[in-house]
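So the structure is just underneath, and the comments pick up after that.
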Amino acid sequence: MLPTIRSRCRHLSLHTPSIKAVTKLLIERDLIKPELAEFAARVSQGHIGIARHLATNKETRDERLKTLKIPSMLTDISSAYKAAAVLVDAAKQRAESESEIRDDAEIEKLKQAWGATGSKLAAGGSKAIKELEKEQKGRGTRLVRDYLDRALLDLATFYRDVMLVQSGANDFLINTDLQSEITNIASTSAESKTLVKIQAILKTRINLGHNAAPLLAVEALMCELRR
109 MLPTIRSRCR
119 HLSLHTPSIK
129 AVTKLLIERD
139 LIKPELAEFA
149 ARVSQGHIGI
159 ARHLATNKET
169 RDERLKTLKI
179 PSMLTDISSA
189 YKAAAVLVDA
199 AKQRAESESE
209 IRDDAEIEKL
219 KQAWGATGSK
229 LAAGGSKAIK
239 ELEKEQKGRG
249 TRLVRDYLDR
259 ALLDLATFYR
269 DVMLVQSGAN
279 DFLINTDLQS
289 EITNIASTSA
299 ESKTLVKIQA
309 ILKTRINLGH
319 NAAPLLAVEA
329 LMCELRR
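So for the sequence shown, my numbering puts the first residue at 109; every next one is plus one.
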């Protein structure tokens, strides 16, 4: 059996598309302006879905910019806690906005399936509605964590750029639109401290993946980034 399975398998080598390839795709498929397409491809690091969302959604670009302004705002403990609250609240608002219309449509569809007439449902309908609402709540929680994870990835690229400037490799920055802020932070801290901050961000991503309380996890991270 095993030799048969092996004989019918094919080896596929998958690679992250280059910035140039993603830029070309956005221009040709989605009719994005070249400058915006290159920006989205670069800051998404070749992730086609994220690049397209950045290129076509101004709100997403604005949220990214707000996130990457945080390092320059971290001057004391108070500012660290404030930054954490802003980051978590933004993730919750985006998750709620994305979920609201979809959740309402799902509830309405389920009600119709259970023969809703006015306020009455067929036997078992109320239980099915409650189960769906529970599922939607869990999905909403995961969505908040997904948005936070994306924000943390953006922060990691910011400090990655800081480290590059500190090591003299200015030609390979991801967030070139924030070069002034990156250079300023690079000049006021050591490369070893920047590495610690990147590691703290990655650790927070792992903790959130293990269901750590979002606000507490992000507050701890902001206090670490303030140092």
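Virtual Cβ for every residue (Gly too), placed ideally from N, Cα, C.
For residue i, does the three-state DSSP call read helix, strand or coil?
{"i": "Arg268", "result": "helix"}
{"i": "Arg258", "result": "helix"}
{"i": "Gln153", "result": "coil"}
{"i": "Asn319", "result": "coil"}
{"i": "Asn283", "result": "coil"}
{"i": "Leu303", "result": "helix"}
{"i": "Ala193", "result": "helix"}
{"i": "Asn278", "result": "helix"}
{"i": "Ile140", "result": "coil"}
{"i": "Cys331", "result": "helix"}
{"i": "Asn165", "result": "coil"}
Using a threshold of 9 Å, state whether the C-beta atoms of residue i and residue j are closer than that.
{"i": "Val270", "j": "Ile237", "result": "no"}
{"i": "Met330", "j": "Ala199", "result": "no"}
{"i": "Val196", "j": "Leu256", "result": "yes"}
{"i": "Leu333", "j": "Ala308", "result": "yes"}
{"i": "Ala145", "j": "Thr131", "result": "yes"}
{"i": "Leu173", "j": "Asp285", "result": "yes"}
{"i": "Val273", "j": "Thr291", "result": "yes"}
{"i": "Tyr267", "j": "Thr312", "result": "no"}
How would you label residue i, buried or exposed, when you count the other beta carbons within 10 angstroms and need 16 or more for buried?
{"i": "Leu120", "result": "exposed"}
{"i": "Ser205", "result": "exposed"}
{"i": "Ala277", "result": "exposed"}
{"i": "Ile314", "result": "exposed"}
{"i": "Asp279", "result": "exposed"}
{"i": "Arg258", "result": "buried"}
{"i": "Thr296", "result": "exposed"}
{"i": "Arg366", "result": "The structure shown has nothing for residue 366, since the chain only spans 109 to 335."}
{"i": "Arg118", "result": "exposed"}
{"i": "Pro322", "result": "buried"}
{"i": "Arg137", "result": "exposed"}
{"i": "Glu143", "result": "exposed"}
Report back the beta-carbon spacing between residue i and residue j to the nearest angstrom; my notes put them in contact at under 8 Å.
{"i": "Leu182", "j": "Ala193", "result": "So it is not a contact: roughly 13 Å between Cβ atoms."}
{"i": "Arg253", "j": "Leu316", "result": "5 Å"}
{"i": "Val151", "j": "Ile282", "result": "6 Å"}
{"i": "Thr168", "j": "Leu162", "result": "6 Å"}
{"i": "Gly157", "j": "Ser207", "result": "That belief does not hold up - the Cβ atoms of Gly157 and Ser207 are roughly 19 Å apart, past 8 Å."}
{"i": "Ala159", "j": "Leu134", "result": "6 Å"}
Nearest by alpha-carbon distance to residue i: which of the options is it?
{"i": "Val326", "options": "Ile178, Ala203, Gln201, Leu173", "result": "Ile178"}
{"i": "Ala129", "options": "Leu173, His155, Lys166, Thr312", "result": "His155"}
{"i": "Gly233", "options": "Glu243, Gln244, Gln220, Lys242", "result": "Gln220"}
{"i": "Arg210", "options": "Leu263, Glu241, Trp222", "result": "Glu241"}
{"i": "Asn165", "options": "Ser180, Gln153, Ala148", "result": "Ala148"}
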